[in-house]
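Going down the list, the protein sequences come from chains A and B.
The first sequence begins at 0 in numbering that gives the first Met the number 0 and counts up one residue at a time.
The second sequence begins at 0 in numbering that gives the first Met the number 0 and counts up one residue at a time.
Working notes, structure below.
Number of protein chains: 2
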Amino acid sequence: MSQSVHVRAFRDLVGDGGVIDDPERMAVYVTDQRQLSTGSTFAVLKPTTTKQVADIVRLAAHHGIGIVPQGGNTSYCGGATPDASGRQIVVSLERMDRIREVDPVSMSISVDAGTILKNAQDAAAAAGLLLPLSLGAEGSCRIGGNIGTNAGGLSVLRYGMTRDLLLGIEAVLADGTVISDMRKLRKNNTGYDVKQCFVGSEGTLGIVTGAVLRLAPLPTRRATAWLKLARGAPLADLLALIRRESADLLTAFEFMAARSIALATEAMTDPSTLRAGPEGAVLVEFASSSRHLDLDELMEAVLAEPIEAGWIEDALLAQSGSQRTAMWRLRETIPEGEKRRNGSVKHDISVPLSSIQRFLDLAGAQVRSYDGDLELSVYGHVGDGNLHYNVLVPAGVDRIEFTKRIESSLSLQLYDTAAALGGTFSAEHGVGRFKKHLLERYGDLGRIAAMRRIKTAFDPADIMNAGAIVCPLGEKSTR
Amino acid sequence: MSQSVHVRAFRDLVGDGGVIDDPERMAVYVTDQRQLSTGSTFAVLKPTTTKQVADIVRLAAHHGIGIVPQGGNTSYCGGATPDASGRQIVVSLERMDRIREVDPVSMSISVDAGTILKNAQDAAAAAGLLLPLSLGAEGSCRIGGNIGTNAGGLSVLRYGMTRDLLLGIEAVLADGTVISDMRKLRKNNTGYDVKQCFVGSEGTLGIVTGAVLRLAPLPTRRATAWLKLARGAPLADLLALIRRESADLLTAFEFMAARSIALATEAMTDPSTLRAGPEGAVLVEFASSSRHLDLDELMEAVLAEPIEAGWIEDALLAQSGSQRTAMWRLRETIPEGEKRRNGSVKHDISVPLSSIQRFLDLAGAQVRSYDGDLELSVYGHVGDGNLHYNVLVPAGVDRIEFTKRIESSLSLQLYDTAAALGGTFSAEHGVGRFKKHLLERYGDLGRIAAMRRIKTAFDPADIMNAGAIVCPLGEKSTR
Chain A
0 MSQSVHVRAF RDLVGDGGVI DDPERMAVYV TDQRQLSTGS TFAVLKPTTT KQVADIVRLA
60 AHHGIGIVPQ GGNTSYCGGA TPDASGRQIV VSLERMDRIR EVDPVSMSIS VDAGTILKNA
120 QDAAAAAGLL LPLSLGAEGS CRIGGNIGTN AGGLSVLRYG MTRDLLLGIE AVLADGTVIS
180 DMRKLRKNNT GYDVKQCFVG SEGTLGIVTG AVLRLAPLPT RRATAWLKLA RGAPLADLLA
240 LIRRESADLL TAFEFMAARS IALATEAMTD PSTLRAGPEG AVLVEFASSS RHLDLDELME
300 AVLAEPIEAG WIEDALLAQS GSQRTAMWRL RETIPEGEKR RNGSVKHDIS VPLSSIQRFL
360 DLAGAQVRSY DGDLELSVYG HVGDGNLHYN VLVPAGVDRI EFTKRIESSL SLQLYDTAAA
420 LGGTFSAEHG VGRFKKHLLE RYGDLGRIAA MRRIKTAFDP ADIMNAGAIV CPLGEKSTR
Chain B
0 MSQSVHVRAF RDLVGDGGVI DDPERMAVYV TDQRQLSTGS TFAVLKPTTT KQVADIVRLA
60 AHHGIGIVPQ GGNTSYCGGA TPDASGRQIV VSLERMDRIR EVDPVSMSIS VDAGTILKNA
120 QDAAAAAGLL LPLSLGAEGS CRIGGNIGTN AGGLSVLRYG MTRDLLLGIE AVLADGTVIS
180 DMRKLRKNNT GYDVKQCFVG SEGTLGIVTG AVLRLAPLPT RRATAWLKLA RGAPLADLLA
240 LIRRESADLL TAFEFMAARS IALATEAMTD PSTLRAGPEG AVLVEFASSS RHLDLDELME
300 AVLAEPIEAG WIEDALLAQS GSQRTAMWRL RETIPEGEKR RNGSVKHDIS VPLSSIQRFL
360 DLAGAQVRSY DGDLELSVYG HVGDGNLHYN VLVPAGVDRI EFTKRIESSL SLQLYDTAAA
420 LGGTFSAEHG VGRFKKHLLE RYGDLGRIAA MRRIKTAFDP ADIMNAGAIV CPLGEKSTR
């Protein structure tokens, strides 16, 4: 059957407003966030109900048409865009963006999977609660994508990743079966927790159409400090001390190397006066929903010891909301700073906390020996063992060419180092299409075999986002 | 081949000390914790290494011999003991109880799966850290069983269930494949998180042989209060208020009905003077690892508002370690109090926090209308929406007969009520063999289908703990 016949059949299912087949309008759906690859499709479908999603999946499966589920299309790993074959359709959840319920007593929010993260955050806040998932893309990424990539971000240290927030799920399997378990229970041990399979599955096991997320009390007080790290400051020990003495009120421990801070500063129209110490800086924040705790007082008490020990050269406490905002703006402008400088090759490294310093030492030496002129931008959620270890694209060099060269050479050396320290090549960005070869290189064989079993169990015909993560058993690797 | 030939082959794999085939010595391995059912086996194997476990599994799979993995044999649902066929062997992990590593900087502990929970707690504490998993059976249950049942207990409110603590896993699949992913990473998004499948799987997908668990700073200060609930006190609102104003320092919110408190008091040799209010009592605890917070002061400030509102009739703050211990001892003696009174039929209910009061009202009416003379013992981790809603076995009545009668009649009414409120029949005890029919009755069809796919993916021949949770696809239900 020709693709135009299929498009007509899909149109019957979702209506005219639910189908895009004009190449110009489809363009944004087939190019990944980092613009490293452009795929091809013959239709972008935009269902409005779970039933429509199930109908689409059944029809596609019947004709062997591959499906690429898409939320906000903010994947860093090409997990949300089709391959070049032109035989996969894109199913965008962008019209399924209803907030179904906020339950303030149960502290939960139930949403359509296409809900933009920011909108869900706002709905929770309106009920006096916090949806503790916060990341750079929050204004455009969607909850289904957050689940598909087990999104992390800025609140992991205190509240965990998306997995830790997920209470209930609604999803359509590759044969059109609908899993409907939108319960808002904290505890529900009744056999395998099927929803866990979808977390981090990047659309390869089915299409998540709805989710229930846990909420937390909304912080009403914050204390924020900018720490200039002294030479030789032991990052992991500093973190352990602050965690312990803040009694888990610590919500952020964000490390930034001096170069990253400088890049961000250059990119700001109203440049920050915040500076790095010899080993960079750490942004520390405590948050509390209680009227009975003085967090500034606590911050001062907690920091006295590491200042005394000479780990911190200088600590600046935010004295106002605008000072706090300025500290965060500097941290959040780093990616923009990299972009202005001609971009960066990103390495989303995670190592055990006890190996962070060792990784920084070894990786730094590797970069220098690879090319003494390369510059790094290193920052990240060190409180979770997560470093964004980015190699800056030199001025005047083609970004995509450089990226491909580094990713096939230096990047592997860096990942080897992370792996040797018990770390990983992807802390929070996922695998998608771009990092499949890394999964094969570093994944435990038993674990990969189990992953392929799971893929086979849910999607034996490889309908769902084929080409991402793993293939079913029996299929030859498509790489 | 005869079973004695098999026993000889197993003896070759694990040595004389690793095989029990004397019926008398096997007895404790085939009877469940609640002594509701006694199964049969021809051998109990006690491997000492992961390789031995893999060898056992391969040999058993080759001959189609079923395997029941066993940790501390403390399942409330018959999940750890063999069926009556005599064709399943028991593989006990009790000799694999080595603590492999405590990493204080990474805040993690790596253990053999047969490690007794208490021993792991102690090893963490010796390094100044907390393994935040605590439950009644901690002196005998083992980490592998905690993972297999996603154990909850007393620390869930602050630290989550076993799933939330699990960083790494080592497991043997039904074909002898070993998954080895003992990394201690907070963040590692590299495809499906295979270890999640084992959490709550009760030995039906493979045998967990090792685990890495996250640790937390060890609390050094606690504030503990006994709240007598006033008539009409809104439990969920009280919880929400205390959570908010304690800024997540809340570690326990344990509800006890008056009857449960009386039962515990009767069972104590040195009876407590603590009493219930008209709606029972709540044990509240804050904990902190910081030297800079005064938790008693915080507790007083937090409780002022609900006292003012008339929700709490009286609040007693523990003034010493021994007063604190006395409060916890009362809470923890409730199961013993029930046992002394002739036992209870346990219902491990969970409902959304917003429906707890409604459940108590509806369920109470159901019990009264079923039999006006029945007495209840109701208590639990209400902070997680979890109620142990137990029907006391009347004096002079046969416990097992009564249990079976209630479980086939009144229990179903109570579970119906929980289900209608978006709740579940098993918050933390699991499914095992005893609650399989409930999974079929209340489970979403799509979810059960997905569970059977997962079972099929990992164990198509139904070697691993057959009869518990679900069967592979293609098999008729064994119920």
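The beta carbon of each residue, even a glycine, is placed where N, CA and C say it ideally should be.
Computed from a predicted model, the values in this text were never measured in an experiment.
Counting only beta-carbon separations shorter than 8 Å, does residue i have a partner in chain B?
i: H436 of chain A; result: no
i: E253 of chain A; result: no
i: C470 of chain A; result: no
i: E244 of chain A; result: yes
i: V6 of chain A; result: no
i: D192 of chain A; result: yes
i: F433 of chain A; result: no
i: N187 of chain A; result: yes
i: V377 of chain A; result: no
Between residue i and chain A, is there a C-beta pair that is closer than 8 Å?
i: N464 of chain B; result: no
i: D295 of chain B; result: no
i: R182 of chain B; result: yes
i: F358 of chain B; result: no
i: H428 of chain B; result: yes
i: I306 of chain B; result: no
i: D82 of chain B; result: no
i: Q51 of chain B; result: no
i: S368 of chain B; result: no
i: R452 of chain B; result: yes
i: D111 of chain B; result: no
i: H448 of chain B; result: Sequence check: residue 448 of chain B is Ala here, not His. So yes, A448 of chain B belongs to the interface.
i: D461 of chain B; result: no
i: R94 of chain B; result: no
i: L352 of chain B; result: yes
i: R206 of chain B; result: Inspection of the sequence shows that residue 206 of chain B is occupied by Ile rather than by Arg. Cβ-Cβ to chain A under 8 Å: no for I206 of chain B.
i: T250 of chain B; result: no
Grab me the residues of residue i's own chain with a C-beta within less than 6 Å of its C-beta, minus the 5 sequence neighbours each way, in chain order.
i: P68 of chain A; result: V90, G202 and I206
i: F401 of chain B; result: V392
i: G77 of chain B; result: D31, S36, G431, R432 and F433
i: N273 of chain A; result: Rather than Asn, the amino acid found at residue 273 of chain A in this sequence is Leu. Correct list, in chain order: W225 and L329.
i: D82 of chain A; result: G38 and G466
i: G127 of chain B; result: L217
i: M488 of chain B; result: Summary: the structure shown does not reach residue 488 of chain B, with chain B confined to residues 0 through 478, and so no result is reported for it.
Under the three-state reduction of DSSP, which class applies to residue i: helix, strand or coil?
i: K227 of chain B; result: strand
i: K422 of chain B; result: In the sequence on display, residue 422 of chain B carries Gly and not Lys. Three-state result, G422 of chain B: coil.
i: M463 of chain A; result: strand
i: T332 of chain B; result: helix
i: T250 of chain B; result: strand
i: G16 of chain A; result: helix
i: E427 of chain A; result: coil
i: Q87 of chain B; result: strand
i: Q69 of chain B; result: strand
i: D347 of chain B; result: strand
i: T80 of chain A; result: coil
i: V43 of chain B; result: strand
Within a Cβ cutoff of 7 Å, which residues of the same chain sit near residue i, ignoring the five residues on either side of it in sequence?
i: I399 of chain B; result: L35
i: M298 of chain A; result: A222, A224, F285 and L316
i: T416 of chain A; result: F358, L361, A362 and Q365
i: N145 of chain A; result: L116, L132 and T161
i: T254 of chain A; result: Correcting the residue type first, residue 254 of chain A is Phe in the shown sequence and not Thr. Counting only Cβ-Cβ distances below 7 Å, and skipping sequence neighbours, we find L234, G279, V281, Y378, G379 and V381.
Could you tell me which residues DSSP puts in a beta bridge with residue i?
i: R220 of chain B; result: B:S287
i: Y388 of chain B; result: B:V377
i: M255 of chain B; result: B:A280 and B:Y378
i: V101 of chain A; result: A:I108
Beta-carbon within less than 8 Å of residue i's beta-carbon, same chain only, minus the 5 sequence neighbours each way: which residues are those?
i: G135 of chain A; result: G152, E331 and P334
Closer than 8 Å is the cut-off here; do at least three beta carbon pairs connect the stretch 339 to 353 of chain A with the stretch 377 to 395 of chain A? yes
With three or more C-beta pairs closer than 8 Å as the rule, is the stretch 167 to 181 of chain A touching the stretch 436 to 448 of chain A? no
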